[in-house]
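Below is one structure; the comments refer to it alone.
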Amino acid sequence: MKTNSHASIAQQVEHHAVILKNGVLRDTDKSQDRDVRVGGSRSPLHRINVQSACGKEASATRIVGGALFQKGKLLVVKRTKERVLWPNLWEIPGGRVEGNESDEEALVREFLEETELQIRIIKKYNEFYYKYAGKDSVESDFIIQADSFAVKIDPNEHTEYRWITKDELRSLEISPDMRKSIEKAFEVN
987 MKTNSHASIA
997 QQVEHHAVIL
1007 KNGVLRDTDK
1017 SQDRDVRVGG
1027 SRSPLHRINV
1037 QSACGKEASA
1047 TRIVGGALFQ
1057 KGKLLVVKRT
1067 KERVLWPNLW
1077 EIPGGRVEGN
1087 ESDEEALVRE
1097 FLEETELQIR
1107 IIKKYNEFYY
1117 KYAGKDSVES
1127 DFIIQADSFA
1137 VKIDPNEHTE
1147 YRWITKDELR
1157 SLEISPDMRK
1167 SIEKAFEVN
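Residues in the sequence shown are numbered consecutively from 987, following the numbering used here.
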């Protein structure tokens, strides 16, 4: 059930599933009908240049997420109510790529900060584009492994964590794109 704050945020965020193929992100929002081209070696690594089919260039923030499974269950964390984007919603741990980090380096750092777990990247399984408050973001999600599952969440970012089955996913409040990403993680794991 969406609260009023979730509804107002949902109105501000435009979500579009994308496919990365030969450096082109396909914007699947039928009202936009554009390709988003990834490139631009002049930009910092934590941002990528995106170019629409009409030639307009913009810079997108890179975001990463990690799908960690333990005995068939996936780790999800609940965002605090103070978070600007998607407060009180569930997600896989992750965050923004900073400076000259690679996606993999950023995910290792973010996972450690948010859960105190050391992880290993196995493979990238999903990528999607979204727009919030007029700013472009591209999220890359990875299947990961860890030696320990003793999660300790950062209370500034998340209020709780759970290990969930695919069936339990239905009962959690999750953004549409995150739900699709988590469903895909269960499929490829």
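Where is the CB? At the ideal position from N, CA and C, for every residue including glycine. Here the structure is a predicted model, which is why all the values come from computation and not from measurement.
| Query | Result |
| --- | --- |
| Out of curiosity, what's the CA-to-CA distance linking Ala1092 and Thr1101? | 14 angstroms |
| Return the residue from the list Tyr1118, Gly1080, Thr1047 that minimises the CA-CA distance to Tyr1094. | As written in the sequence, residue 1094 is Val, which differs from the Tyr given in the question. That would be Gly1080, whose Cα lies nearest to the Cα of Val1094. |
| Is the beta carbon of Ile1107 sitting closer than 8 angstroms to the one on Glu1090? | yes |
| When the distance is taken between beta carbons, is Ile1105 closer than 8 angstroms to Ile1130? | yes |
| Give the straight-line distance between the Cα atoms of Arg957 and Phe1135, rounded to the nearest whole angstrom. | Nothing can be reported for residue 957, as the shown portion of the chain is limited to 987 through 1175. |
| Please state whether the Cβ-Cβ distance between Asn1086 and Ser1167 is less than 8 angstroms. | no |
| Tell me whether Arg1156 sits in a helix, a strand or coil according to DSSP, three-state version. | coil |
| Beta-carbon within less than 8 angstroms of Thr1066's beta-carbon, same chain only, minus the 5 sequence neighbours each way: which residues are those? | Pro1073, Asn1074, Pro1141, Asn1142, Glu1143, His1144, Thr1145 |
| Under the rule that 16 or more other beta-carbon atoms within 10 Å means buried, what is Ser1157, buried or exposed? | exposed |
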